[in-house]
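Take a look at the structure set out below.
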Amino acid sequence: MIDRLKTFWTKSPRAPFFFLLLLILLQLAIHWPMIHQSPRGMHVWRQTVGHAAIQNYMEEDNRFWFPRADIRLYPGDTGAVYHELPITYWLAAQTAKAGWLTPHTAANLFQLLFNLILIPGSYYFLLALHAGRLRAGLFAFLMSFSPLYLAYSPLLEPNMLGLSFFMVGLAFFLPAVEKGRYGFRYGLGTLFLLLATLAKPTYLFFGLPVLVWIMRPLLRQKSAKAWAAVIGSGLALALANGLVIRHAKLLYEASPWQRQFHTPIGSPGIPSDWALIWENVSKAVTTWFLEMNLNLGAIPLLFVALFYIFNHNSDDNRTRNFWLAWCVSLIMFCTLFVVRLADHDYYLTASLPLAAWLSSLGAKRWIMSGRYKVALAFVLLFAVPYLGITRAYGRFFGKPQIPETILEHSGELTTLIPKNDLILVDGDKTPIVFLYYLKRKGLSLSQAEGLIKAEELKPFRWLVRWDDSKNLSPHANLLILEKPIKVRDFTVYEITGVKEFSQSQR
């Protein structure tokens, strides 16, 4: 089978088109069960950021650059806050508002469609690095069956969206500079690179490998037009990102601290605890990089790749320098965000191309050796897809991370609370999930940080408590509660007053 596929791939000029189309159709089939679902699974609160923005676009303010959160502290609080480029959120809101799709389906479908461009983008990106068709095809295949890609493709999370835009941008940008053609394709590449950095400024760090790659053709061309085009593109990206960051800071500074706490801007800082740094880096390398980015099924390919890297001149100097620069950029980014690495696998999304580059090298060398073909077929055609899909499904369907009452019966709770009243929720370990499912605005008590003042609690009229939670807040004891109504394992209370106190620490 491997020999037949190899022959078809090398001799048919249409093979890449059918191969990429097959990968896209497979991804649609794999993700179809996830398309119609409400947010759930790993990092459900991060998904809910986008879904809440969609709902608020539909019901409140439809301006693209002013998405709103459900965290509200007083009646006139608009909830305006800027997390990331809201392109998926806004498009999904317009589609749902027109009645074409439900908000959940529209959101997940738009996100998946955007992320599907990573598949052809990654193929042509590797061709731009002078790889052959076989290596590029393996690279695209292994990218698309990474557990990280499979898990996040349809979910409202910006890191994968940024990577998809970045791959497509490089696929257009690098060959255009290489050939000295600064027309439509170059402009299209610049546009996608801009979208990538606006979706996730992480990819500003990866201007370094881009610069390493394009420096040779720029020096060879000796063209003022070429330098002007590249410098102009860089300035455009910097200016656009600067304006958006300034806009985000203005909304941040106008927000109450409870909303600011969940919308950080910039690096959280490097901890001084070396034990914590080692623990976070160890988890990032073992659990996130090997299991989620590379895929445990591709471990044999990694071993083959490392053997050839250390024993053979496997790539030319320019390609090696590009990937070394990629590693330097990744290390710089991870150093600044090391405190996030333990609990957030998506902070390592930018390492996915590196993982696929290594595993595709191992797969290519294995194919070229002509040995152990059955084992190679097992790895590529069974182990990699199976482990990738089961890991992604397990994260999404295995543990919803949301109480069943909220997930399946939130309407029963919602009918008890007037639509425009602010509420407090107790027992939600996230800042916004209960608020989103209840379709109400307010504050999650268990997420309140710092000082809580009596005046800050007075605007709230209802408390919704998950009685089975291990995360109940002591702040609820400061409320005067009446008329409890039990709905399964939740209780809704009317807040009639606040006990007098000076301050309370979480």
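To convert, note that position 227 of the sequence shown is 227 in the numbering used here; the numbers rise steadily by one, no gaps. For each residue, glycine too, the CB sits at the ideal point set by N, CA and C.
- According to DSSP, residue 462 shares a beta bridge with 423 and 494.
- DSSP links residue 442 through a beta bridge to 71 and 423.
- Restricting attention to alpha helix (DSSP H) runs no shorter than 4 residues, the segment 283 to 346 encloses them at 299 to 311 and 317 to 336, ordered along the chain.
- For the options 200, 197 and 171, the alpha carbon positioned closest to that of residue 186 is the one of 171.
- Annotation: the segment 165 to 205 contains the following complete segments of the alpha helix (DSSP H) (minimum length 4 residues), in chain order: 184 to 199.
- For the pair residue 142 and residue 351, the CB atoms are not nearer than the 7 Å cut-off.
- Non-local C-beta neighbours of residue 162 in its own chain, meaning closer than 6 Å and more than five positions away in sequence, comprise 196, 199, 200 and 203, ordered along the chain.
- Contact between residue 108 and residue 164 is ruled out by a C-beta separation of about 15 Å, above the 8 Å threshold.
- Under DSSP, residue 374 takes part in no beta bridge, so it has no partner.
- By a beta-carbon distance limit of 8 Å, residue 57 contacts residue 93. Their separation comes to about 4 Å.
- Counting only residues of its own chain and dropping the five nearest sequence neighbours on each side, residue 406 has a CB closer than 8 Å to the CB of 413, 433, 434, 437, 438, 466 and 490.
- Membership of residue 385 in the alpha helix (DSSP H) is indicated by the continuous run 384 to 393.
- A check of alpha carbon separations from residue 16 across 78, 138, 60 and 145 identifies 138 as the nearest.
- Of the candidates 4, 79, 46 and 244, the residue whose Cα lies closest to the Cα of residue 60 is 79.
- Bounds of the alpha helix (DSSP H) holding residue 208 are 207 to 221.
- Annotation: residue 155 to residue 37 spans about 10 Å, alpha carbon to alpha carbon.
- Residue 150 has no beta-bridge partner at all, per DSSP.
- Looking from the CA of residue 355, the closest CA among 147, 19, 97 and 52 belongs to 147.
- Straight through space, the alpha carbons of residue 377 and residue 69 are spaced by roughly 48 Å.
- One Cα belongs to residue 259, the other to residue 442, and the distance between them is close to 10 Å.
- Residue 483 sits in a strand when the DSSP states are folded into three classes.
- Between residue 431 and residue 110, the alpha-carbon positions lie close to 25 Å from each other.
- Nearest in C-alpha terms to residue 330, of all of 285, 369, 303 and 363, is 285.
- Straight-line measurement puts the Cα of residue 300 at about 25 Å from the Cα of residue 342.
- Listed in chain order, the non-local C-beta contacts of residue 385 below 6 Å within the same chain comprise 145, local neighbours out to five positions each way being set aside.
- If only complete runs of 4 or more residues are kept, the segment 23 to 79 shows the alpha helix (DSSP H) at 44 to 59, in order along the chain.
- Between residue 444 and residue 428 a beta carbon distance of about 5 Å is seen, short of the 8 Å cut, so the two are scored as contacting.
- Between the C-alpha atoms of residue 379 and residue 304 there is a straight-line separation of about 13 Å.
- In the three-state reduction of the DSSP assignment, residue 87 falls in the helix class.
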